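With the working numbering, the residue at position 165 of the sequence shown is 452, and numbering never jumps.
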Amino acid sequence: MRFARLAGLLLVGCGGIARVDGSDPMSPKELVDPLFEAFAEDPAESLPITGPVNLDVDIFRGDVLVRRAEGLESPRLITTRRADFGAGRSEDGFLALDDVQIKARVESGPEGPVLVIKANSGHPNAEQMRTDLIIELPEPSGVRVRSGFGHIEVRGCVGPIDAQTNEGNVLVRSHRPLQGDVAAISNRGSALVAVRGETEAMVDLEAMGGEARSRVMGAGLKILPGTTASRFKGVMNEGTWMITVRATEANASFHAIPNPEFTAFHFDTP
């Protein structure tokens, strides 16, 4: 993955892919499974931004992990492009990786600079391709993530957070009390928000085709009228921030626990 500055635009992993033997540790690793999947693991790149930054991610397909990383001076982006065209077509998949376009741009926003990351593909078989992203931030402000197909995790951020996937699971968790509203939404999959008990929040869970589940430790929780097996409304502590969790054909969950970033969660995926 190489960055080229064009009028403030950073182009990532688009065009000019060549096979490498892996001898250069800073070169992309383009690997071809002899039967199925072709993928390119691009080397991590630091983005030329310092200080707190808002994040806006929108990708056509793929998993997204956004995490706060202490000690970083600037955001870091790690990408893996994948194509799975089925048995015997891994070479076609390798050639298709050129059509995955990943762009990162810094824009001005009302709350400060915004790092905008988008990924798309114009390939005729784009529905069989994906771009997985890992985005590490020294101190994120607001986080917005959209994926057309794939899981989303936002870890260590305190809000505002808006994470949504058309198909896949969404997990938002932080061991620091929230400082903004949170929305975790899956249009086909599970969604879960896990925070510390010190968080002040209004909690609204809804599961279409699943259950609305809450687990609260070390905090006061008032259950509001209208709560059912598939819908939960409550107030935790003073209820300052809004937590909205939506799931479809799976469960919508809220946890207030001592170690949300170090707890393993099980998801029932449709």
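Think of the CB as a built atom: it goes at the ideal place given N, C-alpha and C, for glycine as much as any other residue.
Given the structure is predicted, the values throughout are model-derived calculations rather than measurements.
The DSSP assignment places complete alpha helix (DSSP H) segments of no fewer than 4 residues inside the region 376-409 at 377-383, in order along the chain. For the pair of segments examined, the region 476-489 was found to touch the region 511-529: the number of CB pairs separated by less than 8 Å reaches three. Using a C-beta cut-off of 8 Å, the region 433-440 makes contact with the region 350-357, since at least three inter-stretch Cβ pairs fall below that distance. According to the DSSP secondary-structure assignment, N341 is paired through a beta bridge with V401.
Within 10 angstroms of the beta-carbon of L511 lie fewer than 16 other beta-carbons, which makes it exposed.
Inclusion of D449 and R460 in the CB contact set at 8 Å is not warranted, their separation being larger than that value. With contacts defined by Cβ atoms closer than 8 Å, A539 and V482 do not form a contacting pair. Where H542 is concerned, the enclosing beta strand (DSSP E) starts and stops at A539 to A543.
Contact between the region 468-475 and the region 449-458 is present, with at least three C-beta pairs closer than 8 Å.
About 21 Å separates the CB atoms of G467 and A534; that is not less than 8 Å, and the two are not in contact. A direct Cα-to-Cα measurement between K520 and A506 gives close to 15 Å. Take L508, set aside five residues on each side of it, and the residues of its chain with a beta-carbon closer than 6 Å to its own are G521 and M523, in chain order.
The Cβ atoms of S428 and V344 lie no closer than 8 Å to each other.
DSSP, reduced to helix, strand and coil, places E485 outside both helices and strands of the structure shown, so it counts as coil. As summarised for the region 438-462, there are no continuous alpha helix (DSSP H) elements at least 4 residues long confined to that stretch.
Nearest to G435 by C-alpha distance, out of V503, T452 and P425, is T452. Residue pairing by DSSP puts T531 in a beta bridge opposite A470 and D491.
If you compare the alpha carbons of L465, A551, R376 and E493 with that of T515, the shortest gap goes to E493.
Cβ neighbours of P425 within its own chain (closer than 6 Å, five residues either side excluded): L359. Taking C-alpha positions only, G380 is separated from N407 by approximately 15 Å. For F549, the three-state secondary structure derived from DSSP is helix. Residue G497 holds the alpha-carbon nearest to the alpha-carbon of R518 among S333, G497 and E328.
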